[in-house]
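**Student:** Take this structure, written in structure tokens, and hold onto it; I'll ask about it next.
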Amino acid sequence: MSQIGSIQEWAVSLQSADVEAGSMGYIGLIVLGINIAVYAYLAKINMRWLAIPVCAVTGLLLALGLGAGFDLTFETEMGLPNLNPVYWWGSTEEGWMLGLPNLQHFIASLPFAILAVAMWSPDFLGHRIFQELNYPRKTEKVLMDVDDTMTMCSVRQMVGTAVGGGNITSSWGTYMIPAAIAKRPIPGGAILLGSLCIIVAILGFPMDVAVWPPVMRIALLVGVFLPLLEAGMQMVKETKDSQAAGICIFASVVANPVLAWALTMFLDNNGLIGDKERASRLSFVDKIVIPVGVFVICLVAMLAVGMLEGQYGIPAFL
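By the numbering used here, the letter at position 21 of the sequence shown is numbered 27, and the numbering carries on one by one without gaps.
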């Protein structure tokens, strides 16, 4: 929903000396419609592994062909990016221009830090399951080792942050999920992908094309969200699974995914939704302490910094 909304916002906001604001809003609809058709065709002929490059290039060409090229600007210089952490994190005038954090900044990011760490385990296990479901038998050697992968991702997170990166690392689900579905070898693909990322970062100008909305948003839609949606629908085979999924999605729309995840975990662990037999085997800590504690911490942190003010008018406590 957010990616589709971003494409439409971009299209409606297009404006130049010859174009009035809002007059090119149809571009977003055309880009989305044609790419959905392209993705469906690739799925039909079992070539979804081509979805990201084909749909991204299609989005680029459509946007250019429909006259939105004036919005594409090339600003990234060629050469190695600045790897000095002080440049990125230490100033409000250069780098990310955020400056060193204070207490309020840590409180504001606490719910998402908790969610990121807590979701690592199911995230990694989910990627492993994707591989087990899609790869042929007797291909155990190509399956990721969860412990080793989490360790390396932790190291990568520390190194990436130290040199100025603002990402929250994962087991590269952006690549692993479509690669596993399309039965592509992960190790060779990961090395190739990493090499291409370095080359693109040094060249500079491909980054400007890659982050242009009709390219980036479409790539995320067909490379991450649509495969995840398909896989999620395939995994919901019983009523108990659909209950948990439905409540989590609904709560995400009402509040946000962090609170939705914490609430669904509490309901599921206590047998109010989902597998009631599983709930009977859990301890008091698993049923009450952990889910309620996570929910309260997330809610208090969000209320403290006013994250619900824009949606529900609840002012920040701090």
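Where is the CB? At the ideal position from N, CA and C, for every residue including glycine.
Only a predicted model underlies this, so the values are computations on that prediction, with no experimental measurement involved.
Does the stretch 256-270 come close enough to the stretch 290-305 to have 3 or more Cβ pairs within less than 8 angstroms?
**Tutor:** At 8 angstroms Cβ cutoff, the stretches touch.
**Student:** Would you mind reading off the limits of the alpha helix (DSSP H) that contains T64?
**Tutor:** 57-71
**Student:** Would DSSP call A114 helix, strand or coil?
**Tutor:** helix
**Student:** Let's see if you can read the secondary structure: which residues bound the alpha helix (DSSP H) around A225?
**Tutor:** Boundaries of the alpha helix (DSSP H) harbouring A225: 219-226, taken from the DSSP string.
**Student:** Straight-line CA distance for A257 to M84?
**Tutor:** CA-to-CA, the gap between A257 and M84 works out to about 44 angstroms.
**Student:** Would you check if there are 3 or more beta carbon pairs closer than 8 angstroms linking the stretch 224-240 to the stretch 56-71?
**Tutor:** yes
**Student:** Can you give the Cα-Cα distance for W130 and M156, rounded to whole angstroms?
**Tutor:** According to the sequence shown, residue 130 is Phe rather than Trp. Rounded to the nearest angstrom, the two C-alpha atoms are 8 angstroms apart.
**Student:** Closest to T167 by CA distance: which of W94, M241, P107 is it?
**Tutor:** For T167, the nearest C-alpha among the options comes from W94.
**Student:** Using 10 angstroms around the beta-carbon of I224, count the other beta-carbons present and answer buried if the total reaches 16, otherwise exposed.
**Tutor:** buried
**Student:** Under the assumption that L212 contacts G65 (Cβ atoms under 8 angstroms), give the Cβ distance between them as a whole number of angstroms.
**Tutor:** Contrary to the premise, residue 212 reads as Pro rather than Leu in this sequence. Not a contact, Cβ separation roughly 15 angstroms.
**Student:** Would you identify the three-state DSSP class for K282, choosing helix, strand or coil?
**Tutor:** helix
**Student:** Would you say V37 and L56 are within 9 angstroms of each other, going by their C-beta atoms?
**Tutor:** Not closer than 9 angstroms, so no.
**Student:** Taking a contact to mean a Cβ-Cβ separation below 9 angstroms, would you say W16 touches G28 in this structure?
**Tutor:** Going by C-beta atoms, W16 is not nearer than 9 angstroms to G28.
**Student:** From M30 to G39, what distance separates their C-alpha atoms?
**Tutor:** CA-to-CA, the gap between M30 and G39 works out to about 15 angstroms.
**Student:** Which word fits I204, buried or exposed, when buried means at least 16 other C-beta atoms lie within 10 angstroms of its C-beta?
**Tutor:** exposed
**Student:** Could you tell me the distance, in whole angstroms, from the CA atom of K246 to the CA atom of G316?
**Tutor:** 34 angstroms
**Student:** Consult DSSP for P107 and reduce its assignment to one of helix, strand or coil.
**Tutor:** If DSSP states are grouped into helix, strand and coil, P107 belongs with coil.
**Student:** Look at the alpha carbon of L324 and the alpha carbon of Q163, and state the distance between them as a whole number of angstroms.
**Tutor:** 30 angstroms
**Student:** I want to check one thing, is the minimum distance from the CB of S8 to the heavy atoms of the ligand MN below 8 angstroms?
**Tutor:** As for the ligand MN, it is missing from this structure, which has no ligand bound.
**Student:** Whole-angstrom Cβ separation of D274 and T79, contact assumed at under 8 angstroms?
**Tutor:** Contact check for D274 and T79: beta-carbon distance about 47 angstroms, past the 8 angstroms limit, so the pair fails to qualify.
**Student:** Please state if the CB of V206 and the CB of A196 are separated by a distance shorter than 9 angstroms.
**Tutor:** With contacts defined by Cβ atoms closer than 9 angstroms, A196 and V206 do not form a contacting pair.
**Student:** Can you list the alpha helix (DSSP H) stretches of 4 or more residues lying completely in the stretch 142-210, in chain order?
**Tutor:** For the stretch 142-210, whole alpha helix (DSSP H) runs of length 4 or above, ordered along the chain, are 152-168, 179-187, 192-209.
**Student:** Is L116 near A307, with beta carbons less than 9 angstroms apart?
**Tutor:** yes
**Student:** Return the CA-CA distance between C304 and N173, expressed in angstroms with no decimal places.
**Tutor:** 20 angstroms
**Student:** Kindly indicate the opening and closing residues of the alpha helix (DSSP H) around F301.
**Tutor:** Note, F301: alpha helix (DSSP H), 296-311.
**Student:** So, is N108 buried or exposed, given that buried needs 16 or more other C-beta atoms within 10 angstroms?
**Tutor:** With a threshold of 16 other beta carbon atoms within 10 Å, N108 falls short and is exposed.
**Student:** Cα separation between V148 and Q21?
**Tutor:** CA-to-CA, the gap between V148 and Q21 works out to about 49 angstroms.
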